[in-house]
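Protein chains: 2
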Amino acid sequence: MDLSIGEVAERSGLSVHALRFYEREGLFANPVRRLSNGRRIYHEEDLEWLAICTKLRSSGMPLAMIRQYIELVRQGPGNEHERLELLRRHETHVEERIRELQETLAVMRYKVRVYEEHVARGEADRLWNPSHPDAARTDSHQECRPPQGA
Amino acid sequence: MDLSIGEVAERSGLSVHALRFYEREGLFANPVRRLSNGRRIYHEEDLEWLAICTKLRSSGMPLAMIRQYIELVRQGPGNEHERLELLRRHETHVEERIRELQETLAVMRYKVRVYEEHVARGEADRLWNPSHPDAARTDSHQECRPPQGA
DNA sequence: CCTTGATCTAGACCCGACTCTAGCTTCTAG
DNA sequence: CTAGAAGCTAGAGTCGGGTCTAGATCAAGG
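Chains as they are written, first to last, in the UniProt record's numbering: chain A, 1 to 150; chain B, 1 to 150.
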């Protein structure tokens, strides 16, 4: 039932270094316990929490925010509002990020399509080419009118 | 028609420091020209290119990749395929990132909803709470069956 | 008994992308 | 003529998020 840091590393996908680092950073709710010889012991719950952490991280939540969350948890019941507020804040942030990426993607797709056509016609070199002022100018106009669906 | 670094900073939204930094990093296609007194002079095209750079950056393209692109441009016509390949690689990357964010978002929304319900019923403290093994376990099961639409 | 491998700590190092500082020059307005 | 703003360079510092190293300890197997 007890897991060594190596096992946790393997199962969580984090390095042992990262696990110790996370601990120093206060990202564990309950202080990591030790064997009499000083070695860390983890349990299933730790793995579950780490899975959540990794998910939050992959969505761009900074460690500092995860720490804030876990600090609220440590303070015990009574601050559920703050916890929710924090999560919703991040939700909003992720939504905005998605929109930003989608917009860039639309512009890029459009440009790539235009470029492909030009290349096909042998008139290449007229896209995102800052050493070709003519093209740059033409193109940046196009950029102002991205695909209708954007 | 000539722009000083300060003007470019203001109009591009980048700091003068960042502009000099970008130049050192080789992110300009044509070497930035200087006045006889050593001061940099920029032109509209530079602003246009910087706008593109900023867009690419905001979509997560690393400076190193922008540099690769601009190096292809500097080499002149003939490598349009490589340029397109580079842009498509990034496109794919952005698509994947969007998917990743959408997935996390779905999970977060679900969890937040569950949490809200629990809080409403006064049974709070049962979500993403690694010091409450019981809750953690229940919850991580829920996590394995995210909203049907995910 | 000895090696191998996992662990420990403290602290150095890395990378990306800037940001800022020091010390100097140069332009512009009063 | 002079103060202040804006520029210049080289190089140091920052921040986030780790990663790695050195040197010590410990447990197990041959």
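Heads up, the beta-carbon is just placed ideally off N, CA and C, and yes, glycines get one too.
Can you tell me which of the three DSSP states arginine 34(A) falls into? For this step, residue 34(A) is matched to residue 34 along the first sequence. If DSSP states are grouped into helix, strand and coil, arginine 34(A) belongs with the strands.
Given a cut-off of 7 Å, decide if isoleucine 98(A) and residue 168(B) are closer than it, judged by their beta-carbon atoms. Residue numbering for chain B in the displayed model covers 1 to 150; residue 168(B) lies beyond these limits and cannot be assessed.
In whole angstroms, give me the CA-to-CA distance for arginine 88(B) and arginine 74(A). Your numbering for residue 88(B) matches position 88 in the second sequence. Your numbering for residue 74(A) matches position 74 in the first sequence. Each residue's alpha carbon lies about 46 Å from the other.
If you measure from the beta carbon of serine 59(B) to each beta carbon in chain A, is any gap under 7 Å? Taking the first residue of the second sequence as position 1, residue 59(B) is located at position 59. Serine 59(B) counts as touching chain A.
At what residues does the alpha helix (DSSP H) containing glutamate 91(A) begin and finish? Sequence index remark: in the first sequence, residue 91(A) carries index 91 (1-based). Counting along the chain, the alpha helix (DSSP H) containing glutamate 91(A) begins and ends at 80-120.
Among Arg57(A), Ser131(A), Val119(A), Arg67(A), which one has its Cα closest to the Cα of glycine 26(A)? As a first step, residue 26(A) is located in the first sequence; it is residue number 26 there, counting from the start. Of the listed residues, the one whose Cα sits closest to glycine 26(A) is Arg67(A).
Taking only the alpha-carbon atoms, compute the straight-line gap between isoleucine 5(B) and lysine 55(A) and give it to the nearest angstrom. The residue given as residue 5(B) occupies position 5 in the second sequence. The residue given as residue 55(A) occupies position 55 in the first sequence. If I take the Cα positions, the gap works out to 42 Å.
CB-CB under 8 Å to arginine 39(B), same chain, minus the five flanking residues each way: which ones, in chain order? Walking along the second sequence from the start, residue 39(B) turns up at place 39. Cβ neighbours of arginine 39(B) beyond the five flanking positions: Ser4, Ile5.
Residues in its own chain within less than 8 Å of arginine 11(B) by CB, not counting five upstream and five downstream? As a first step, residue 11(B) is located in the second sequence; it is residue number 11 there, counting from the start. Around arginine 11(B): Leu3, Leu47.
Count the other C-beta atoms from every protein chain shown that fall within 10 angstroms of the C-beta of asparagine 129(B), then say buried if there are 16 or more, exposed otherwise. Here residue 129(B) corresponds to residue number 129 of the second sequence, with the count starting at 1. Buried, by the Cβ-count rule.
Within the same chain, show all residues whose beta-carbon is closer than 6 Å to that of leucine 50(A), passing over the 5 residues directly before and after it, in chain order. Your numbering for residue 50(A) matches position 50 in the first sequence. Cβ neighbours of leucine 50(A) beyond the five flanking positions: Ser12.
Run through DSSP, which three-state label would arginine 40(B) get? Translated into positions along the second sequence, residue 40(B) becomes position 40. Three-state DSSP puts arginine 40(B) in a strand.
In its own chain, which residues sit with a C-beta less than 7 Å from the C-beta of glutamate 23(B), not counting the 5 before and 5 after it? Along the second sequence, one-based indexing puts residue 23(B) at 23. Excluding sequence neighbours, glutamate 23(B) sits near Val32.
Just the chain A side, please: which residues come within less than 9 Å of serine 12(B) by C-beta, in chain order? Stepping through the second sequence from its first residue, residue 12(B) is reached at position 12. Chain A residues near serine 12(B): none, gap ~13 Å exceeds 9 Å.
Looking at chain B, is there any beta carbon in it that lies within less than 7 Å of the beta carbon of asparagine 30(A)? Taking the first sequence and counting its residues from 1, the one referred to as residue 30(A) is at position 30. It does; some Cβ of chain B falls within 7 Å.
Go through its chain and collect everything with a Cβ distance to leucine 105(A)'s Cβ below 8 Å, but skip five positions before and after it. Here residue 105(A) refers to the residue found at position 105 of the first sequence. Hits under 8 Å: none found.
Is the shortest distance between the beta-carbon of valine 119(B) and the beta-carbons of chain A less than 7 Å? In the second sequence, residue 119(B) corresponds to position 119, counting from 1. Valine 119(B) counts as touching chain A.
Glutamate 117(A): which of His81(B), Lys111(B), His118(B), Val114(B) sits nearest, CA to CA? Stepping through the first sequence from its first residue, residue 117(A) is reached at position 117. Cα-wise, what sits closest to glutamate 117(A) is His81(B).
Reducing DSSP to helix, strand and coil, say where leucine 63(A) ends up. Within the first sequence, the letter at position 63 stands for residue 63(A). Three-state DSSP puts leucine 63(A) in a helix.
Which of helix, strand or coil DSSP assigns to leucine 27(A): Stepping through the first sequence from its first residue, residue 27(A) is reached at position 27. The answer is coil: DSSP assigns leucine 27(A) none of H, G, I, E or B.
To which residues of the same chain is glutamate 7(A) closer than 8 Å at the C-beta, ignoring the five residues directly before and after it? Position 7 of the first sequence, counting from 1, holds the residue named residue 7(A). Contacts found: Tyr42.
Can you give me, in chain order, the residues of the stretch 105-118 of chain B that have a beta carbon less than 9 Å from any beta carbon in chain A? Leu105, Val107, Met108, Arg109, Lys111, Val112, Tyr115, Glu116, His118
Where does glutamate 45(B) land, buried or exposed, given buried means 16+ other C-beta within 10 angstroms? Taking the first residue of the second sequence as position 1, residue 45(B) is located at position 45. Looking at its Cβ environment, which holds 16 or more other Cβ atoms inside 10 Å, glutamate 45(B) is buried.
Is leucine 14(B) helix, strand or coil when you go by DSSP? Your numbering for residue 14(B) matches position 14 in the second sequence. Three-state result, leucine 14(B): coil.
Closest by C-alpha distance to leucine 90(B), when choosing among Pro62(B), Val107(B), Pro77(B): Here residue 90(B) is taken as the residue at index 90 of the second sequence, counted from 1. Sequence check: residue 90(B) is histidine here, not leucine. Ranking Pro62(B), Val107(B), Pro77(B) by Cα distance to histidine 90(B) puts Pro62(B) first.
Exposed unless 16 or more other CB atoms sit within 10 angstroms - verdict on aspartate 139(A): Along the first sequence, one-based indexing puts residue 139(A) at 139. At aspartate 139(A) the pLDDT is 43, less than 50, meaning the model places this residue with poor confidence and gives no usable figure here.
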